[in-house]
Every structure is written in structure tokens, then in C-alpha cells.
Amino acid sequence: MVASLLASMALVFTACGTPRVIGRIGLAAPFEGRDRALGYDAFPAFRMALRAANGQAGGAVDFVAFNDDGDPGRAARVAADLARDPAVKLVIGHGALTNTLAALPVYAEAGVAVLVIGAPAEALPALPNVFVLSPSAATVAACQAANRHPCAEGAEPASVGAALAGFSEVSGGAAPTRRSVVALDATNVALDALRRAAARGDVSRAGVVVALRETRLKGLLGEIHFNAQGRWVEAPATPVLP
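Position 106 of the sequence shown, counting from 1, maps to 282 under the working numbering, and the rest follow consecutively.
Written out as C-alpha cells, the structure reads:
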């Protein structure tokens, strides 16, 4: 039910004025169950980035969002649903390691680019279509040793200025979290890749993979670019405030 509801919201931003749609981004995350906060921390940031981008020239991007229930089997089925949609050029997900590992083979077979959030880089296979925004476990450990405090992916919302100022309006009142910061960066990376692929006349899935490999984008968490294995080596971990 949640998956279909979120999917039905997807085309709102491109319905008015009928701009040229250059591609579709998928968000796969849990929106039910014990891990539902992962999805609801990410979804409003995802919408904010898309809404801002679709006010710019150069074509619109629409989106779909699917609930994977925080379950690996469900994550694989969601990945298959996204892969079957030819308009989907790129997926952001899944917010947890086990779900991501279950979904990656499906995306790899279909050639769909994936921006991974919420899973340590060294635990993931190096696949040509996979790009990891999460820090390594070693980076998290180094942060914790330096600060003598728990550290994690992302950053506290207060540290990124006004970037998430409209979050509560989009979320229905909920405040952003450090995962919202990651989701906003991930969506902007996806949008940047789609627009560059469109500018060169190739918004195929393969064309979007090429564009992601060439990413150079100033995000909230730093200058984002990927190495030959699709890792953002400098992805930061920061102290978690109580």
C-alpha cells in the first residue's frame, strides 16, 4: 500500500506545464516496519531536491519511491519492479546493508545505476553500475577514535545551514536528520548525472552510468567524486549528537 501511494505521488512535479522529462529516479527504502525511519528521513529530502531541480531549465526529472519493508526478499522484488520500468535510469537505496546486497544483483543485470546510501563501502561488491556515497567502516572508526564519541554517515542538519530549511513543510512536521543530509546529496548527484547525460544526448542507463563515473559535485558533505571502483573515498563520518 505504501509503495503504491508513494509511486502515485511521483509525477506531481512534472504534471504542470508538461516539461520534457529526461528520466526517472527511483528511491528504494523501508517505509514500514522497524526501519521505517530510514525511508521517512530520506523521502522529504528527495522531494525537495527534485522540486528545486524541476524549476530549472533543461528538462524535468520525475521519480518513484518504493517501500522495501526493510526486508532483503522484498528489496530484491522492489529492485525487479524498478528495473522493469524503462524510464528508471537510476536508483537511490536501500538504506541498510542486507537489503542493498539483496537488490544489487538485480540492478546489475538490468544495467541500472545505483547510488548506495546506508551501507559501508567495503561490504559491497565493486560493480560497474554501483556508486557508494557511504563512508567506509575504517572512516567511521577513525572518526570515533579522534572524537571519542559515536560517529556515523552524514552530518547533523544544523551543520549544513539552510539547505534543509523546507524539510518540515515537506515532511508534514518531522525534522530532518543526518540521514536527510545524505539523501539530499544523493538526489543532487543523481540529478546532476541525468542532466549531464541528457546534455550529451544519451540518457540510456549506460549513459547515466558513464555520467556518474564523471561526477564532480560540491555536496553538503564535501566534494563528491567516485574512484574506479565507484567509491567516494572521502565520504565523511561525523560525530552523532545525543
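For every residue, glycine included, the Cβ atom is placed at its ideal position computed from N, Cα and C.
State the start and end residues of the unbroken alpha helix (DSSP H) segment that holds Glu285. Membership of Glu285 in the alpha helix (DSSP H) is indicated by the continuous run Leu273 to Ala286.
As assigned by DSSP and simplified to three states, the class of Val290: strand
If I measure Cβ to Cβ from Glu410 and keep anything under 7 angstroms in the same chain, skipping five residues before and after, which residues do I get? Cβ neighbours of Glu410 beyond the five flanking positions: Gly398.
Where the beta strand (DSSP E) containing Thr391 begins and where it ends: No beta strand (DSSP E) holds Thr391; DSSP gives it neither H nor E.
Counting pairs of beta carbons, one from the segment 261-272 and one from the segment 356-373, are three or more of them closer than 8 angstroms? Under the 8 angstroms Cβ criterion, the segment 261-272 counts as touching the segment 356-373, having at least three qualifying pairs.
Endpoints, the alpha helix (DSSP H) within which Pro311 is located: Careful: Pro311 lies outside any alpha helix (DSSP H) and carries neither H nor E.
Name the residue from Met224, Val386, Arg196 and Leu303 whose alpha carbon lies nearest to the alpha carbon of Val358. Residue Met224 is the option with its Cα nearest to Val358.
Is the beta carbon of Asn323 sitting closer than 7 angstroms to the one on Pro415? yes
Rounded distance between the beta-carbons of Gly249 and Leu214, thought under 8 angstroms: About 17 angstroms; that fails the 8 angstroms criterion.
First and last residue of the uninterrupted beta strand (DSSP E) at Asn243: Ala236 to Asn243
Taking the straight line between their C-alpha atoms, what separation do you get for Gly406 and Ala295? Computed Cα separation, rounded: 14 angstroms.
Quick one: using the 10 Å Cβ neighbour count with 16 as the cut-off for buried, is Ser310 buried or exposed? buried
Tell me the DSSP secondary structure of Leu266 in three-state form. DSSP, reduced to helix, strand and coil, places Leu266 within a strand of the structure shown.
Measuring straight from C-alpha to C-alpha, what distance separates Asn305 and Ala218? Going by the C-alpha atoms only, they are around 22 angstroms apart.
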